[in-house]
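Student: Residue numbers (the UniProt record's numbering): 1 to 128. Backbone N, C-alpha and C define an ideal beta-carbon position, used for all residues, glycine too. Let me give you the structure first, and then I'll get to my questions.
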């Protein structure tokens, strides 16, 4: 289940106990989430870099216009554990490999993981 703050996605519940839950943070190097670039047809996979607040997005069709300052949000594609349009962050860099027809981006998370007080669990079940 997705975990969010008022700023956006911060992670997902990976373990549930009687009185607690364990959350994998979006910034973790093992965390992956499908994303879309708001206002475009661009989609990709974002992965945590292991440092707070930073993600790397890959597998983006380089023919899609992606610009610095654009907003990344969950794509919610079929089978995704996340609903569509949960805010993730802002695109801070775009690198294009024309030979591979692929772009990669850096994403700065909206949520500050070093200043969390409250978080909400989104009770959402993927279709299917």
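(1) Would you kindly report the start and end of the unbroken beta strand (DSSP E) that includes residue 59?
(2) From the DSSP output, in three-state form, read off residue 114 for me.
(3) What three-state label does DSSP hand residue 24 in the structure shown?
(4) Give the straight-line distance between the Cα atoms of residue 27 and residue 82, rounded to the nearest whole angstrom.
(5) Are residue 34 and residue 50 close, meaning C-beta to C-beta below 7 angstroms?
(6) Could you tell me which of 100, 58, 124, 64 sits nearest to residue 80, measuring between CA atoms?
(7) Residue 93 to residue 65, Cα distance in whole Å?
(8) Since residue 1 and residue 55 should fall inside the 8 angstroms C-beta cutoff, what is the C-beta to C-beta distance between them, to a whole number of angstroms?
Tutor: In short:
(1) Here the question's residue 59 lines up with position 59 in the chain shown. Counting along the chain, the beta strand (DSSP E) containing residue 59 begins and ends at 54-61.
(2) Against the chain shown, residue 114 aligns to sequence position 114. Three-state result, residue 114: helix.
(3) If you number the chain shown from 1, residue 24 lands on position 24. Reduced to three states, the DSSP call for residue 24 is strand.
(4) Here residue 27 refers to the residue found at position 27 of the chain shown. Here residue 82 refers to the residue found at position 82 of the chain shown. Rounded to whole angstroms, residue 27 to residue 82 spans 16 angstroms at the Cα level.
(5) Position 34 of the chain shown, counted from the start, is the residue given in the question as residue 34. Position 50 of the chain shown, counted from the start, is the residue given in the question as residue 50. In this structure, residue 50 does not lie closer than 7 angstroms to residue 34 by Cβ.
(6) Taking the chain shown and counting its residues from 1, one reaches residue 80 at position 80. The shortest Cα separation from residue 80 among 100, 58, 124, 64 belongs to 124.
(7) Your numbering for residue 93 matches position 93 in the chain shown. Your numbering for residue 65 matches position 65 in the chain shown. So the two alpha carbons sit approximately 13 angstroms from each other.
(8) In the chain shown, the residue the question calls residue 1 occupies position 1. In the chain shown, the residue the question calls residue 55 occupies position 55. Not a contact, Cβ separation roughly 20 angstroms.
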